[in-house]
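Residue numbers (the working numbering), protein chains in the order written: chain H, 334 to 745; chain W, 334 to 745. In what follows, a single structure is set out as structure tokens and then discussed.
Next comes the structure, spelled out in structure tokens:
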């Protein structure tokens, strides 16, 4: 009953006139899994506070709701106040509680929209980021624009929709229950009413990578395992090298403990893909479909051998996805990916509007995304089946301590 | 290892040239939960065959992918062949197996698209239906058009998008894992390539009703419990009266054991709703938000008392949703609902494109939907926050025996 004692039994005002029993929201939320974890079991809730934001190396949850916002005010104090309010609400929701405390005042709109009442916290994480456009002249942040927060170049094959790209702010909500992730984004958008507006949002229904070793590698909508090579949360030195920002000057000092998030909405022409032979599909990827093993042999987690030749040349085509995305072809670069499969209904010509919402956390997009994507976009055999329809880059500030607000170092 | 023995170990052709171990799809699928259930535990797979189709009174799964199709051919035999192929594939997928047997011939596209490899069957059900347009002059079915398969009238407040409405055929895939539901629709669409095209499709991420008594009533995006009064699978006489078709003539004799499915995409202006006081929200619904109890008192499953008066008149407003949708206001009509919450990103003005994808199975839409919706659309206080943006009605044929195909009685 910690939910009740934590917030008090807020009383049953709804039917009070009829003398009904006292029933408030407290009882509903009491069922939530926000208790300390049993020793040895996996966490059921994550903490907003820490060296880094949650939702980066955190074990990848099943579902995603991602939203980019435009700031509607020019007032720096209003922006800071929003970040303060978002921080408080995010901490509450991640703990499995309502977004705000006042949810049963009869003559006010409830602080929380209610659709997550009775649901466990579902390992919710909420991660915040800042887009390049935030550093224009509106908020006095121009001299804090990190050099690495570039405008991504136009890559071959990009067909970007401005209405699915960029944004001043981003919120990534991941949870095992989509209703919990949707609830989080909705309540943050609501708190920001008048200060920010949703620019675009994206739901993802199935994760395509993991950051732990004890899980099966999930599959993307091409039917192949995805993210076999993903950075894992226990690879500390690689995380330091490839994910966390190493501040270098006054412009990015506020990003200590932070990262950069590359978000790309990648449509797949899955109907065309489905008509290719298994040989063709496996050749494009460079791995077997069933097991995910490199075509040079072995099992999923064996290293691919790009030199090993078969009758007709290398067993792994140098133009395959695995060859071109491999660290050996990218100056040793590794990615921490957090992508999700999406299906947004169907298109006007009756094809599924489906693909991969690619999310990757990198130490510097200039070294860790742009060169790789430049290469993939021009050489990758997979490219024939892909179209990038949305794109954004965000600076992800480091973690905070209780009492601070998200991104506080930027405004200090 | 029944997955392997059932379909044979299909061999590891991918890396054969390199002498790798034999690894086929069989091994991946062996992990699936298609085994007979342990005595006493809830089923993990459902059977395609039976008196009724699955996915109607079946315990409601968490996620939905719904698709409506247009038939692209005028050839009756091609349509029947498709239904035969769909039946076989649906039975396989519901059992947790691939959509087709040939998934590792190196020189052919795999029969299955692969993204559900390694996933359990997730209680998948696949339910098929026929729209009114199927009964035109293309397939010789005009004299089999049931009288109840009407064109739904235009209701006040309808703002229907033809690209989200109607269709010759429908497929409802429900599963606890959205990747499994998406996989089912995708593979059926693929099998139908050239014969049918997807007209529209809709994902739902959270169920809003149950057909069992041991589950919490889920919540819709207004934050209220939804479907408290839903018909339950053990109410046999009410199911007979309100859900299953009672054939009355030659036109609907083929619908024995079947039903009608009303599908409505109902957008909610949730940002506006969220600004209303709790009093206003509860007054609109006629129930408390926290508990779902009628405003006349008691707890969720107590009967509302529409006569009970408070200081200012009836405690439950006669224009509230619960009053207008209640059986007592609708000639005793009860609904078997199977709706889902949806969020399809955001609109051009930065609002969530969100709401309820309403699905209800009824014995006759003329008695069981049209009068109720006519009343709700003109009187319901909730209507201020709702806009119906998609609409379809399908005749859902009865169940089949092994060896038959879905809808066989229609073509007999």
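Quick reminder that beta carbons are idealized off the backbone N, C-alpha and C, glycines included.
(Q) Along the chain, where does the beta strand (DSSP E) containing residue 520 (chain H) start, and where does it finish? (A) Careful: residue 520 (chain H) lies outside any beta strand (DSSP E), inside the alpha helix (DSSP H) at 511–524.
Q) How many whole angstroms separate the CB atoms of residue 669 (chain H) and residue 702 (chain H), which I take to be in contact at a CB cut-off of 8 Å? A) Residue 669 (chain H) to residue 702 (chain H), Cβ: 12 Å. No contact.
Q.
Distance cutoff 8 Å, beta carbons only. Does residue 450 (chain W) sit that close to anything in chain H?
A. yes
**Q.** Beta carbon of residue 536 (chain H) nearer than 8 Å to that of residue 648 (chain H)
**A.** no
Q | Every unbroken alpha helix (DSSP H) inside the region 540–587 of chain W [4 residues or more] | A | 569–575
Q | Interface residues of chain H facing residue 532 (chain W) [CB-CB closer than 9 Å] | A | 679 and 683
**Q.** Proximity to residue 529 (chain W) [Cα-Cα], best of W:385, W:414, W:653 and W:678
**A.** It is W:414.
Q) Taking Cβ positions only, does residue 744 (chain H) come closer than 8 Å to chain W? A) no
**Q.** Nearest candidate by alpha-carbon position, reference residue 401 (chain W), set W:644, W:595, W:681 and W:687
**A.** W:595
Q) Within 8 Å (strictly less), CB to CB, does residue 410 (chain W) reach chain H? A) no
Q: Give the residues of chain W in contact with residue 512 (chain H), contact being defined as C-beta atoms less than 7 Å apart.
A: 538, 539 and 674
Q. What does residue 603 (chain H) reach in chain W if we use C-beta pairs closer than 8 Å?
A. 446 and 519
Q) Going by beta carbon distance, what residues of the same chain come within less than 7 Å of residue 732 (chain W), once the five residues before and after it are set aside? A) If we look at residue 732 (chain W) and ignore the five residues flanking it on each side, its Cβ neighbours are 382, 383, 384, 385, 386 and 590.
Q. Anyone know if the C-beta pair for residue 323 (chain W) and residue 601 (chain W) falls short of 8 Å?
A. Nothing can be reported for residue 323 (chain W), as the shown portion of chain W is limited to 334 through 745.
Q: For the alpha helix (DSSP H) containing residue 708 (chain H), list its first residue and its last residue.
A: 703–712
(Q) Please tell me whether residue 584 (chain W) and residue 479 (chain W) are closer than 8 Å, where the distance is taken between their beta carbons. (A) yes
Q) Which same chain residues, not among the five before or five after residue 738 (chain H), have their C-beta less than 6 Å away from its C-beta? A) 416, 417 and 420
Q.
Applying the 10 Å Cβ sphere with the 16-neighbour rule, what's the burial state of residue 365 (chain H)?
A. With a pLDDT of 36 at residue 365 (chain H), under the threshold of 50, the predicted position of this residue should be treated as unreliable, though the coordinate-derived value follows. Classification of residue 365 (chain H): buried, given that the 10 Å Cβ count is 16 or more.
Q) Taking just the CA atoms, how far does residue 623 (chain H) sit from residue 667 (chain W)? A) The alpha-carbon atoms of residue 667 (chain W) and residue 623 (chain H) are separated by roughly 47 Å.
**Q.** Whole-angstrom distance between residue 603 (chain W) and residue 515 (chain H), CA atom to CA atom
**A.** 12 Å
Q.
Helix, strand or coil for residue 398 (chain H)? Go by DSSP, reduced to three states.
A. strand
**Q.** Inter-residue spacing [alpha-carbon to alpha-carbon] between residue 657 (chain H) and residue 706 (chain H)
**A.** Looking at the two C-alpha atoms, the distance is approximately 9 Å.
Q) For residue 599 (chain H), does the count of other Cβ atoms within 10 angstroms reach 16, so buried, or fall short, so exposed? A) buried
Q: Just confirm the distance between the C-beta atoms of residue 485 (chain W) and residue 726 (chain W), as a whole number of angstroms; I'd bet it's less than 8 Å.
A: 6 Å
Q: Helix, strand or coil for residue 654 (chain W), going by three-state DSSP, please let me know.
A: helix
Q | Boundaries (first-last residue) of the beta strand (DSSP E) holding residue 743 (chain W) | A | Note, residue 743 (chain W): premise wrong, no beta strand (DSSP E); alpha helix (DSSP H) at 741–744.
**Q.** Residue environment, residue 674 (chain W), which counts as buried when at least 16 other CB atoms sit within 10 Å
**A.** buried
Q) If you compare alpha carbons, which of H:403, H:405 and H:459 is closest to residue 426 (chain H)? A) H:459
(Q) Among W:713, W:471, W:522 and W:453, whose alpha-carbon lies nearest the alpha-carbon of residue 379 (chain W)? (A) Checked all of W:713, W:471, W:522 and W:453; the closest Cα to residue 379 (chain W) is W:453.
Q: At 7 Å on the CB atoms, spell out the chain H contacts of residue 438 (chain W), in chain order.
A: 611
Q: Name, please, each residue of chain H whose Cβ falls closer than 9 Å to the Cβ of residue 608 (chain W).
A: Correct list: 442, 523 and 526.
Q. Which parts of the region 599–640 of chain H are runs of the alpha helix (DSSP H), unbroken and 4 residues or longer, counting only runs that do not cross its ends?
A. Listed in chain order, the alpha helix (DSSP H) runs fully inside the region 599–640 of chain H are 603–606 and 611–618, counting runs of at least 4 residues.
**Q.** Neighbourhood of residue 663 (chain W) by C-beta, 7 Å cutoff - its chain only, sequence neighbours within 5 removed
**A.** 704 and 705
(Q) With distance defined between alpha-carbon atoms, name the residue in H:724, H:717, H:735 and H:684 nearest to residue 526 (chain W). (A) Out of H:724, H:717, H:735 and H:684, H:684 has the C-alpha closest to the C-alpha of residue 526 (chain W).
(Q) So that I know if they touch, is there some Cβ in chain W lying closer than 8 Å to that of residue 623 (chain H)? (A) Yes - at least one Cβ of chain W is within 8 Å of the one on residue 623 (chain H).
**Q.** Local Cβ density within 10 Å of residue 626 (chain W), reported as buried at 16 or more and exposed below that
**A.** That one is buried.
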